[in-house]
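Basically this note's numbering = 1-based index in the sequence shown + 50.
Where is the CB? At the ideal position from N, CA and C, for every residue including glycine.
Owing to the predicted nature of the structure, the values given are computational and were not obtained by experimental measurement.
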Amino acid sequence: MVDKARFPILRSQRLVLRRIHENDANSIFKLRTDAVVNTFIQRPQGRADNNGLEFVNRIQYDLSKNKIYHWVIVSSESSELLGSICLWNFNVEKTIAEVGYELFPKYYGQGIMSEALTEVIDFGFRQLQLTSIEAFTHRDNERSTKLLIKNGFELSPNRSDVDNLNNIIFIKQKAC
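So, in C-alpha coordinates, the structure goes:
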(Lines of atoms letter the chains of each structure in order from A; the text may use other names.)
(Lines give C-alpha, C1' and ligand atoms only; values in the text may rest on other atoms or scores of the structure.)
Protein backbone atom coordinates (compact mmCIF):
# COMPACT_ATOMS: atom_id res chain seq x y z
CA MET A 51 0.00 0.00 0.00
CA VAL A 52 1.06 3.58 -0.56
CA ASP A 53 2.23 5.71 2.35
CA LYS A 54 -0.47 8.03 3.69
CA ALA A 55 1.79 11.06 3.17
CA ARG A 56 2.14 10.15 -0.52
CA PHE A 57 -1.48 9.31 -1.20
CA PRO A 58 -1.83 9.12 -4.97
CA ILE A 59 -3.54 11.95 -6.79
CA LEU A 60 -5.01 10.62 -10.03
CA ARG A 61 -5.71 12.91 -12.96
CA SER A 62 -7.67 12.54 -16.15
CA GLN A 63 -8.67 14.97 -18.85
CA ARG A 64 -11.43 16.62 -16.80
CA LEU A 65 -10.95 15.27 -13.30
CA VAL A 66 -8.70 15.20 -10.29
CA LEU A 67 -9.08 12.29 -7.87
CA ARG A 68 -7.60 13.32 -4.56
CA ARG A 69 -7.56 12.35 -0.93
CA ILE A 70 -10.61 13.27 1.13
CA HIS A 71 -10.20 16.23 3.51
CA GLU A 72 -12.20 17.53 6.46
CA ASN A 73 -13.35 20.50 4.39
CA ASP A 74 -15.13 17.97 2.11
CA ALA A 75 -17.45 16.95 4.97
CA ASN A 76 -20.48 19.02 3.92
CA SER A 77 -20.33 17.87 0.31
CA ILE A 78 -19.78 14.26 1.41
CA PHE A 79 -22.77 14.51 3.74
CA LYS A 80 -24.94 15.78 0.88
CA LEU A 81 -23.67 13.05 -1.43
CA ARG A 82 -24.19 10.23 1.07
CA THR A 83 -27.68 11.42 2.01
CA ASP A 84 -28.93 12.21 -1.50
CA ALA A 85 -32.12 10.22 -2.15
CA VAL A 86 -31.26 9.53 -5.80
CA VAL A 87 -27.71 8.42 -4.98
CA ASN A 88 -29.06 6.08 -2.31
CA THR A 89 -31.78 4.50 -4.45
CA PHE A 90 -29.78 1.28 -4.79
CA ILE A 91 -27.52 1.49 -1.74
CA GLN A 92 -28.21 -0.10 1.64
CA ARG A 93 -26.79 2.21 4.28
CA PRO A 94 -28.08 4.16 7.25
CA GLN A 95 -29.07 7.66 6.22
CA GLY A 96 -27.37 10.58 7.94
CA ARG A 97 -29.26 12.05 10.84
CA ALA A 98 -26.89 14.71 12.13
CA ASP A 99 -24.90 17.51 10.55
CA ASN A 100 -21.61 15.99 11.66
CA ASN A 101 -22.12 12.68 9.83
CA GLY A 102 -20.11 13.96 6.89
CA LEU A 103 -17.22 14.72 9.20
CA GLU A 104 -17.60 11.36 10.93
CA PHE A 105 -17.38 9.66 7.54
CA VAL A 106 -14.30 11.70 6.57
CA ASN A 107 -12.63 10.81 9.88
CA ARG A 108 -13.45 7.12 9.43
CA ILE A 109 -12.00 7.15 5.90
CA GLN A 110 -8.86 8.93 7.10
CA TYR A 111 -8.46 6.30 9.83
CA ASP A 112 -8.91 3.46 7.32
CA LEU A 113 -6.36 5.15 5.03
CA SER A 114 -3.87 5.22 7.91
CA LYS A 115 -4.41 1.48 8.40
CA ASN A 116 -4.02 0.73 4.66
CA LYS A 117 -7.57 -0.61 4.45
CA ILE A 118 -8.84 1.65 1.68
CA TYR A 119 -7.95 4.02 -1.11
CA HIS A 120 -10.69 6.62 -1.18
CA TRP A 121 -10.68 9.52 -3.60
CA VAL A 122 -13.04 12.43 -3.98
CA ILE A 123 -13.71 13.24 -7.60
CA VAL A 124 -13.35 16.93 -8.34
CA SER A 125 -13.51 18.96 -11.52
CA SER A 126 -10.05 19.97 -12.72
CA GLU A 127 -11.51 23.35 -13.71
CA SER A 128 -13.56 24.31 -10.66
CA SER A 129 -12.40 21.93 -7.89
CA GLU A 130 -16.10 21.24 -7.23
CA LEU A 131 -16.70 17.86 -5.57
CA LEU A 132 -18.60 15.68 -8.05
CA GLY A 133 -18.52 12.32 -6.29
CA SER A 134 -16.22 9.72 -4.80
CA ILE A 135 -14.61 6.42 -5.72
CA CYS A 136 -12.67 3.87 -3.70
CA LEU A 137 -10.80 0.59 -3.67
CA TRP A 138 -11.52 -1.35 -0.49
CA ASN A 139 -12.36 -4.81 0.89
CA PHE A 140 -8.92 -6.07 -0.06
CA ASN A 141 -8.35 -9.79 0.33
CA VAL A 142 -5.62 -10.92 2.74
CA GLU A 143 -3.05 -11.24 -0.04
CA LYS A 144 -3.88 -7.72 -1.33
CA THR A 145 -4.49 -9.10 -4.85
CA ILE A 146 -8.24 -8.49 -5.04
CA ALA A 147 -10.15 -5.34 -4.12
CA GLU A 148 -13.68 -4.05 -4.45
CA VAL A 149 -14.42 -0.77 -6.20
CA GLY A 150 -17.19 1.49 -4.95
CA TYR A 151 -18.39 4.80 -6.33
CA GLU A 152 -21.07 7.47 -6.11
CA LEU A 153 -21.77 10.62 -8.07
CA PHE A 154 -24.07 13.58 -7.59
CA PRO A 155 -27.06 13.03 -9.92
CA LYS A 156 -26.59 16.33 -11.75
CA TYR A 157 -23.41 14.82 -13.24
CA TYR A 158 -25.01 11.59 -14.47
CA GLY A 159 -24.65 10.85 -18.16
CA GLN A 160 -21.52 12.97 -18.66
CA GLY A 161 -18.94 10.16 -18.60
CA ILE A 162 -17.46 11.41 -15.34
CA MET A 163 -17.63 8.13 -13.45
CA SER A 164 -16.29 6.19 -16.42
CA GLU A 165 -13.35 8.58 -16.58
CA ALA A 166 -12.70 8.21 -12.84
CA LEU A 167 -13.13 4.43 -12.91
CA THR A 168 -10.60 4.13 -15.73
CA GLU A 169 -7.99 5.91 -13.60
CA VAL A 170 -8.73 3.82 -10.50
CA ILE A 171 -8.61 0.53 -12.44
CA ASP A 172 -5.27 1.54 -13.94
CA PHE A 173 -3.94 2.47 -10.49
CA GLY A 174 -5.17 -0.81 -8.98
CA PHE A 175 -3.61 -3.02 -11.62
CA ARG A 176 -0.37 -1.09 -12.22
CA GLN A 177 0.50 0.38 -8.83
CA LEU A 178 -1.14 -2.04 -6.40
CA GLN A 179 -0.54 -5.08 -8.61
CA LEU A 180 -4.10 -6.30 -8.11
CA THR A 181 -5.08 -9.34 -10.15
CA SER A 182 -8.79 -8.54 -10.13
CA ILE A 183 -11.22 -5.83 -9.11
CA GLU A 184 -14.78 -6.61 -8.04
CA ALA A 185 -17.87 -4.43 -8.05
CA PHE A 186 -21.11 -5.15 -6.20
CA THR A 187 -24.16 -3.36 -7.59
CA HIS A 188 -27.91 -3.64 -7.17
CA ARG A 189 -29.43 -5.81 -9.90
CA ASP A 190 -31.81 -2.98 -10.87
CA ASN A 191 -29.10 -0.32 -11.11
CA GLU A 192 -28.86 -0.17 -14.90
CA ARG A 193 -26.60 2.88 -14.89
CA SER A 194 -23.99 1.11 -12.73
CA THR A 195 -24.27 -2.13 -14.70
CA LYS A 196 -23.68 -0.28 -17.99
CA LEU A 197 -20.70 1.55 -16.48
CA LEU A 198 -19.10 -1.69 -15.36
CA ILE A 199 -19.64 -3.50 -18.66
CA LYS A 200 -18.31 -0.48 -20.59
CA ASN A 201 -15.16 -0.65 -18.47
CA GLY A 202 -14.52 -4.35 -19.06
CA PHE A 203 -16.15 -5.90 -16.01
CA GLU A 204 -17.96 -9.21 -16.45
CA LEU A 205 -20.93 -10.48 -14.49
CA SER A 206 -20.09 -13.33 -12.12
CA PRO A 207 -23.47 -15.12 -12.14
CA ASN A 208 -22.48 -17.90 -9.76
CA ARG A 209 -21.56 -15.58 -6.90
CA SER A 210 -23.88 -13.76 -4.54
CA ASP A 211 -23.53 -10.99 -1.99
CA VAL A 212 -24.48 -12.56 1.34
CA ASP A 213 -24.97 -9.08 2.85
CA ASN A 214 -27.37 -7.92 0.12
CA LEU A 215 -29.11 -10.52 -2.02
CA ASN A 216 -30.26 -7.76 -4.41
CA ASN A 217 -26.65 -7.18 -5.45
CA ILE A 218 -24.94 -8.76 -8.42
CA ILE A 219 -21.18 -9.07 -8.67
CA PHE A 220 -18.97 -8.00 -11.54
CA ILE A 221 -15.26 -8.79 -11.89
CA LYS A 222 -12.50 -7.31 -14.00
CA GLN A 223 -9.34 -9.38 -14.34
CA LYS A 224 -5.94 -7.85 -14.95
CA ALA A 225 -4.90 -8.37 -18.56
CA CYS A 226 -1.94 -10.69 -18.93
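Buried versus exposed, by CB contacts within 10 Å (16 or more), K222: buried
Please list the terminal residues of the continuous alpha helix (DSSP H) segment that includes S194. 192-200
So what's S129 in DSSP terms, helix, strand or just coil? Here S129 sits in coil by DSSP.
Grouping DSSP H, G and I as helix and E and B as strand, with all else coil, what is F154? coil
Nearest to I199 (by Cα), restricted to the options F154, I219, L67: Out of F154, I219, L67, the CA that lies nearest to the CA of I199 is found in I219.
Length of the line joining the Cα atoms of Q63 and D172: 15 Å
Below 8 Å on the Cβ atoms is my contact criterion, and I expect S129 with H120 to pass it. Report the Cβ-Cβ distance as a whole number of Å. With a Cβ gap of about 18 Å, S129 and H120 do not count as contacting.
Please report the Cβ distance between V124 and R61, rounded to the nearest whole angstrom; I am assuming they are in contact, meaning their Cβ atoms lie under 8 Å. In this structure, V124 and R61 do not form a Cβ contact; the two beta carbons are roughly 10 Å apart against a cut-off of 8 Å.
Check whether N217 and R189 have beta carbons under 8 Å apart: Yes, the Cβ-Cβ distance between N217 and R189 is below 8 Å.
For the alpha helix (DSSP H) that contains N139, what are its first and last residues? Neither: N139 is in no alpha helix (DSSP H) and is coded neither H nor E.
Indicate whether R82 and F105 have their beta-carbon atoms separated by less than 8 Å. yes
Verify the CB distance criterion: does F140 have a CB-CB separation below 8 Å to chain C? Annotation note: the requested chain C is absent from the structure, which comprises a single protein chain.
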